[in-house]
Amino acid sequence: MTLEVETVPCLADNYAFLVHDRKTGATALFDAPEAWPIQRELEKQNWQLTHIFITHHHGDHIDGVGELVAAFHPEVIGAARDAHRLPPLDTAVEPGQIYDMWGREVHVMEASGHTVGHVAYYLPRAGAVFTGDSLMALGCGRLFEGTPAQMWQTLSGLAALPDDTLVCSGHEYTTANGRFAATIEPDNAALARRNDETARARAMNVPTVPSALALEKATNPFLRAALPEVKAGLGMADAADVDVFAHIRAAKDKF
């Protein structure tokens, strides 16, 4: 594997991600909450930033872009439909498009729900998907702009990726998300184990992101809304999948 993925903690609870290709020298950044931790990691690794990929327009994902562009002059890539509220883009992309990053495929995926215009980026050769605030560790983003149907479509598309895909999401929310998840599936043994592992990791200040997609499918209530046992536990055995998802999302908003 010539692609390295580095998790960079930023702000109070954000993550950015650097992907370095040892073969070509390309170094891509996925989201830029703030500049200095990313610059520090680049200097530590002796990497030159060549690309910045933006998932969505919120400040805690883009506020570092300008300073990084001034320092490294990378190509900036983001959603065409969101270009009016993103930093200046060099390349505007659409869901379904495959971007060529120096010979490496970056698949642009629909990820609306948290915002309208949110995208995710899947790198098959890295076995990683960069989801911003769509699919998160044990959670999903709050629906600030989109609808439950949009987010359910987003999550369903992400869940179809290979089970060993690393989900590189934007925040350290896993502890709180796990407490909520346990109210939806109190008898889920895999979830109980994950919550114990999360507590141990956070006690040592170890990030719980990224996470394996298989683990999300086994424990994340937002990905499990279509399962008969989840529906039955909520008293929604005959409900449509999207309605169960909407119920879980509304419950999380009040948790």
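The sequence shown runs contiguously to residue 255 in full-length UniProt numbering. Note that beta-carbon positions come from the ideal geometry of N, C-alpha and C, so glycine has one too. If you're wondering where the values come from, they're calculated on a predicted model, not measured in any experiment.
Would you say residue i and residue j are within 9 Å of each other, going by their C-beta atoms?
i	j	result
residue 110	residue 126	no
residue 18	residue 34	no
residue 94	residue 83	no
residue 154	residue 112	yes
residue 37	residue 12	no
residue 129	residue 123	yes
residue 156	residue 209	no
residue 241	residue 218	no
residue 175	residue 202	yes
residue 191	residue 178	yes
residue 138	residue 75	no
Taking DSSP as the reference, what is the three-state secondary structure of residue i?
i	result
residue 189	helix
residue 180	helix
residue 134	coil
residue 171	strand
residue 148	helix
residue 262	Given a span of 1 to 255 for the chain in the structure shown, any question on residue 262 remains unanswerable.
residue 248	helix
residue 239	coil
residue 139	strand
residue 225	coil
residue 232	helix
residue 205	coil
residue 18	strand
residue 159	helix
residue 42	helix
residue 2	coil
residue 218	helix
residue 198	helix
residue 7	strand
residue 154	helix
residue 213	helix
Whose C-beta lies closer than 6 Å to the C-beta of residue i among residues of the same chain, with five residues either side of it excluded?
i	result
residue 85	57
residue 252	180
residue 67	35
residue 194	219
residue 108	93, 95, 97 and 119
residue 4	20
Let's test the definition: count the other Cβ atoms within 10 Å of the Cβ of residue i and tell me whether it reaches 16, buried, or not, exposed.
i	result
residue 73	exposed
residue 206	exposed
residue 196	exposed
residue 45	exposed
residue 187	exposed
residue 249	buried
residue 165	buried
residue 183	exposed
residue 50	buried
residue 54	buried
residue 255	exposed
residue 198	buried
residue 101	buried
residue 105	exposed
residue 90	exposed
residue 224	buried
residue 204	exposed
residue 260	There is no way to answer for residue 260, as the model of the chain reaches only from 1 to 255.
9 Å is my cut-off, CB to CB: does residue i come that close to chain D?
i	result
residue 212	The question asks about chain D, but that chain is absent: this structure has only one protein chain.
Near residue i, what residues of its chain come up, given a Cβ to Cβ distance below 8 Å and the 5 sequence neighbours on each side ignored?
i	result
residue 114	56, 132, 133, 134, 140, 141, 142, 143, 144, 145, 146 and 151
residue 48	25, 27, 42 and 72
residue 214	163 and 164
Only counting the same chain, and skipping five residues up and downstream in sequence, which positions put a Cβ closer than 7 Å to that of residue i?
i	result
residue 231	237, 239 and 244
residue 9	15, 37 and 207
residue 62	32, 54, 86 and 87
Any heavy atom of the ligand SAH within a distance shorter than 8 Å of the CB on residue i?
i	result
residue 58	The ligand SAH is not part of the structure shown, which contains no ligands of any sort.
Practice prompt. Kindly provide the ranges of any beta strand (DSSP E) runs that are 3 or more residues long and lie completely inside the stretch 56 to 116, ordered along the chain.
Written response: You should have 75 to 79, 91 to 93, 98 to 101 and 104 to 110.
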